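Chemist: Let me give you the structure first, and then I'll get to my questions.
There are 2 protein chains.
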Amino acid sequence: MKILITGGAGFLGQRLAKRLLEGKELNGKTITELVLLDVTRPSDELLLRDKRVRAEVGDISDRAVLERLIDAETEAIFHLAAIVSGQAEADFDLGMKINLDASRALLEVSRAARHVPRVVFTSSVAVYGGALPDVVKDDTALNPQSSYGTQKAIAELLLSDYSRRGFIDGRVLRLPTISVRPGKPNAAASSFASGIIREPLKGERSICPVDGETRLWLLSPKSAIEALIAGCEIDRTKLGDQRVINLPGLSVSVNEMVEALREVAGDDAVNRIDWQRDEHIEKIVGSWPGMWDVSRAQALGLTGDNNFPDVIRAYLTE
Amino acid sequence: MKILITGGAGFLGQRLAKRLLEGKELNGKTITELVLLDVTRPSDELLLRDKRVRAEVGDISDRAVLERLIDAETEAIFHLAAIVSGQAEADFDLGMKINLDASRALLEVSRAARHVPRVVFTSSVAVYGGALPDVVKDDTALNPQSSYGTQKAIAELLLSDYSRRGFIDGRVLRLPTISVRPGKPNAAASSFASGIIREPLKGERSICPVDGETRLWLLSPKSAIEALIAGCEIDRTKLGDQRVINLPGLSVSVNEMVEALREVAGDDAVNRIDWQRDEHIEKIVGSWPGMWDVSRAQALGLTGDNNFPDVIRAYLTE
Chain R
0 MKILITGGAG FLGQRLAKRL LEGKELNGKT ITELVLLDVT RPSDELLLRD KRVRAEVGDI
60 SDRAVLERLI DAETEAIFHL AAIVSGQAEA DFDLGMKINL DASRALLEVS RAARHVPRVV
120 FTSSVAVYGG ALPDVVKDDT ALNPQSSYGT QKAIAELLLS DYSRRGFIDG RVLRLPTISV
180 RPGKPNAAAS SFASGIIREP LKGERSICPV DGETRLWLLS PKSAIEALIA GCEIDRTKLG
240 DQRVINLPGL SVSVNEMVEA LREVAGDDAV NRIDWQRDEH IEKIVGSWPG MWDVSRAQAL
300 GLTGDNNFPD VIRAYLTE
Chain G
0 MKILITGGAG FLGQRLAKRL LEGKELNGKT ITELVLLDVT RPSDELLLRD KRVRAEVGDI
60 SDRAVLERLI DAETEAIFHL AAIVSGQAEA DFDLGMKINL DASRALLEVS RAARHVPRVV
120 FTSSVAVYGG ALPDVVKDDT ALNPQSSYGT QKAIAELLLS DYSRRGFIDG RVLRLPTISV
180 RPGKPNAAAS SFASGIIREP LKGERSICPV DGETRLWLLS PKSAIEALIA GCEIDRTKLG
240 DQRVINLPGL SVSVNEMVEA LREVAGDDAV NRIDWQRDEH IEKIVGSWPG MWDVSRAQAL
300 GLTGDNNFPD VIRAYLTE
């Protein structure tokens, strides 16, 4: 089978690709080709050397690019490409173009392929907002307070309707905030959720822009990758009409994250965090839920992490 | 002030136009021009004779048409144009084009006008679906089970985000099913909700395609028009971040509708209803809520009808 990963040169995209190639199969079928579409080439040279990998540099909002890459052999599509929350708030039109128009183009091209490919789409805590219960449930209304959250919510609705009509076999996985991400800070409003751990561990200073009581809903990169694959492999009859799954996360306050850092790396690491509140980031991040009900995800066999100190330890050994 | 009504030649559009012209003002300002955009000319010759009225025949999905009609003097836009539920289910691409793309084009052109016009958008019970509580609340999740409901839900999200960003001053009014509509049956799945009253009153037979226990959430045309105007006139500070309002309706079973018809017009009228269940219509209509919490609408001063027999009596005197 042929697989397409959009955002394939991104952090999650490359990790997913490696994991798929190691596993050799998806949905019980041998992976023959793995197309990584992104605006840049993947940085991982080992990945590029695998004969099954095809790196494509192109604009995902260009339908002709998608038409060239999605064909009757493309049985699974992981649609990870996105403009992150902070950037989509700063540049409304760019967010609409990539998070909405490109997602719709991908659904249309998948529909035109006529063989009902599996499309795994990553959504976000940012679809929620406003007055929220302590634990968000599957029937809690979406009320996004950012353009990013709005665009993700719209793509979710489209994916559900395309699935209901039998155009695609879609699965929306709502990801908790991913932490600890390796690499550098990015334009996501949640960038600090990795930064306040990653930078101090490297001996560098890092700014925490939110109050220590702020509660986050976190998932490690490793668990996110496993969830993406498991989400793709779920039998469609188990999903029924409900194509959206809230993935299990860890409900951790920023103060608890800091204590986990202290447990793993000591006071010196903790002292490298600078507390400088940023109203703009606090407003976006504060609108997200700190926890949601995960009984459906668990019933579908999807799991998360045990505790945040273990997540930090795993990050250090990667 | 200048007002644009899309779907201005439709049943609600023409009634809204007449009511606005009678009132002479909107938001405390004198109405100087009323543009009715639709694919046909309004049928009401009296309306067309009013010097303030300008009938425009054009395609609402053509952005150039909107750019010509929306300018710095357009202070209020009533966006009523839509492909109805049954037709959007039968022709997916047409529904997407009008219910989604044209709505987005209208928001974009309104944004480009730069004076933050009020945009009143009519949404529907069809944004709800799946397992619903007996009374839908403001925080009940949307789970549309039709392409029409999906497209309306998406347009709602866009309108809220455009309002949050200050591009427009939007108001989404979720309308109950309108009954009793005059005229002929249409392609809406809910067409029978007017047909089983209207046709028997004319001495004609009418098919009821759903079970008598089916519960509908109804609003009379007159109350719908008053709600559209009141919704436009609400002070934006009273709306806060929440731009969507579930309008008050009457929760009535089909059997209760039939008894109301008997009360007003006798057994002969009731005997003109043919009960022929249609699985396709039952599935769509059955996914809609039979009642929703209206406390917010009432707090904002929006009202509905008293009882369904009075709605029928009002229809007969129009």
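Residue numbers (numbering that gives the first Met the number 0), protein chains in the order written: chain R, 0 to 317; chain G, 0 to 317.
Backbone N, C-alpha and C define an ideal beta-carbon position, used for all residues, glycine too.
What you are looking at is a predicted structure, and each value in this text was computed from that prediction instead of being measured.
#1: If I'm right that Leu157 of chain R touches Leu246 of chain R with Cβ under 8 Å, what's the distance once you round it to whole angstroms?
#2: For my contact list, Thr5 of chain R and Leu25 of chain R are in at a C-beta cut-off of 8 Å; report their separation, rounded to the angstrom.
#3: When the Cβ atoms of the segment 300 to 313 of chain R are set against those of the segment 207 to 219 of chain R, are three or more pairs found closer than 8 Å?
#4: Name, please, each residue of chain G whose Cβ falls closer than 7 Å to the Cβ of Phe91 of chain R.
#5: Strictly under 7 Å for the Cβ-Cβ distance: is Ile283 of chain G near chain R by that measure?
#6: Mind checking if Ser122 of chain R is an interface residue toward chain G, Cβ cutoff 7 Å exclusive?
#7: Just grab the DSSP bridge partners of Ser123 of chain R for me.
#8: Taking only beta carbons into account, state which residues of the segment 233 to 255 of chain R come closer than 8 Å to chain G, listed in chain order.
#9: CB Pro116 of chain R to CB Glu74 of chain R, shorter than 7 Å?
#10: Measuring only between beta-carbons, confirm whether Ser102 of chain R sits less than 7 Å from chain G.
#11: Measure the CB-CB distance between Ile82 of chain R and Val118 of chain R and report whether it falls below 7 Å.
#12: Along the segment 134 to 150 of chain R, where does the CB come closer than 9 Å to a CB of chain G? Name the residues.
#13: What did DSSP end up calling Asn306 of chain G once you bin it into helix, strand or coil?
#14: Would you mind listing the alpha helix (DSSP H) stretches within the segment 35 to 59 of chain G that are 4+ residues and don't spill past its ends, in chain order?
#15: Considering only C-alpha positions, which residue in the set R:Arg242, R:Val269, R:Ser42 is nearest to Glu255 of chain R?
#16: Is Thr139 of chain G helix, strand or coil by DSSP?
#17: Excluding the 5 residues preceding and the 5 following Ala192 of chain G in the sequence, name in chain order all residues of the same chain whose CB lies nearer than 7 Å to its CB.
#18: Within 7 Å of any Cβ in chain R, is that where the Cβ of Ile167 of chain G sits?
#19: Using three-state DSSP, classify Gly129 of chain G as helix, strand or coil.
#20: So, Leu65 of chain R versus Val34 of chain R, is the Cβ gap smaller than 7 Å?
#21: Let me check understanding here. Comparing Cα to Cα, which of G:Arg170, G:Gly128, G:Asp100, G:Cys207 lies closest to Glu278 of chain G?
#22: Tell me where the beta strand (DSSP E) around Val251 of chain G begins and ends.
#23: For Glu281 of chain R, which residues in the same chain have their Cβ closer than 8 Å to its Cβ, ignoring the five residues on either side in sequence?
#24: Under DSSP, the beta strand (DSSP E) around Ile244 of chain R begins and ends at which residues?
#25: State the start and end residues of the unbroken alpha helix (DSSP H) segment that holds Asp160 of chain R.
#26: Could you pull out every unbroken beta strand (DSSP E) segment of at least 3 residues lying fully inside the segment 2 to 38 of chain R, listed in chain order?
#27: When we look at the beta-carbon of Gly248 of chain R and count the other beta-carbons within 10 Å, is it buried (16 or more) or exposed?
#28: Contact between the segment 148 to 162 of chain R and the segment 140 to 149 of chain G is defined here as three or more beta-carbon pairs at a separation below 8 Å; is this criterion met?
#29: How about Ala152 of chain G: is its C-beta nearer than 7 Å to some C-beta of chain R?
#30: If you draw a straight line from the C-alpha of Gly202 of chain G to the C-alpha of Ile195 of chain G, how long is it?
#31: Kindly identify the DSSP beta-bridge partner or partners of Ile272 of chain G.
#32: Is the shortest distance between the beta-carbon of Leu200 of chain R and the beta-carbons of chain G less than 7 Å?
#33: I need the DSSP call for Glu232 of chain R, collapsed to helix, strand or coil.
#34: On the DSSP letters alone, give me the boundaries of the alpha helix (DSSP H) that Ile97 of chain G sits inside.
#35: Would you say Leu106 of chain G reaches chain R, if we count a Cβ-Cβ gap shorter than 7 Å as a contact?
#36: Any idea if Leu315 of chain G is buried or exposed, counting beta-carbon neighbours within 10 angstroms, 16 or more meaning buried?
Modeler: In this structure, then:
#1: The beta carbons of Leu157 of chain R and Leu246 of chain R sit about 20 Å from each other, so the pair does not count as a contact at 8 Å.
#2: Not confirmed; about 16 Å, so no contact.
#3: Short answer: they touch.
#4: Arg164, listed in chain order.
#5: Chain R contact via Cβ: absent.
#6: Look at Ser122 of chain R: its C-beta is not under 7 Å from any C-beta on chain G.
#7: In the DSSP output, where bridge partners are listed per residue, Ser123 of chain R has R:Leu174.
#8: Answer set for the segment 233 to 255 of chain R: Asp240, Gln241.
#9: Yes.
#10: Put simply, the CB of Ser102 of chain R is far from chain G, with every gap to its CB atoms at 7 Å or more.
#11: For the pair Ile82 of chain R and Val118 of chain R, the CB atoms are not nearer than the 7 Å cut-off.
#12: Listed by position along the chain: Lys136, Asp137, Asp138, Thr139, Ala140, Leu141, Asn142, Pro143, Gln144, Ser145, Ser146, Gly148, Thr149, Gln150.
#13: Judged by DSSP in its simplified three-state form, Asn306 of chain G adopts coil rather than helix or strand.
#14: Listed in chain order, they are 44 to 48.
#15: The shortest C-alpha separation from Glu255 of chain R is found at R:Val269.
#16: Per DSSP, reduced to three states, the secondary structure at Thr139 of chain G is strand.
#17: The beta carbon of Ala192 of chain G is closer than 7 Å to those of Thr176, Ser178, Leu215, Leu217 in its chain, skipping five residues each way along the sequence.
#18: No, Ile167 of chain G does not count as interfacial toward chain R.
#19: In this structure, DSSP gives Gly129 of chain G a state outside helix and strand, which the three-state scheme calls coil.
#20: Judged by their CB atoms, Leu65 of chain R and Val34 of chain R are not nearer to each other than the 7 Å cut-off.
#21: Distances from the alpha-carbon of Glu278 of chain G to those of G:Arg170, G:Gly128, G:Asp100, G:Cys207 put G:Cys207 closest.
#22: Where Val251 of chain G is concerned, the enclosing beta strand (DSSP E) stretches over 249 to 252.
#23: Answer for Glu281 of chain R: Pro208, Val209, Asp210, Thr213, listed in chain order.
#24: Where Ile244 of chain R is concerned, the enclosing beta strand (DSSP E) stretches over 243 to 245.
#25: Element bounds for Asp160 of chain R: 146 to 163.
#26: Listed in chain order, they are 32 to 37.
#27: Of the residues assessed, Gly248 of chain R falls on the buried side of the cut-off, its CB having 16 or more other CB atoms within 10 angstroms.
#28: Because the criterion of three Cβ pairs below 8 Å is met, the segment 148 to 162 of chain R and the segment 140 to 149 of chain G touch.
#29: Yes, Ala152 of chain G counts as interfacial toward chain R.
#30: Roughly 11 Å separates the two Cα atoms.
#31: Note: Ile272 of chain G sits in a beta bridge opposite G:Ser205.
#32: The beta carbon of Leu200 of chain R does not come within 7 Å of any beta carbon belonging to chain G, so the residue lies off that interface.
#33: In this structure, DSSP gives Glu232 of chain R a helical state, which the three-state scheme calls helix.
#34: Careful: Ile97 of chain G lies outside any alpha helix (DSSP H) and carries neither H nor E.
#35: No, because no Cβ of chain R sits closer than 7 Å to the Cβ of Leu106 of chain G.
#36: Answer is exposed; the Cβ neighbour count stays below 16.
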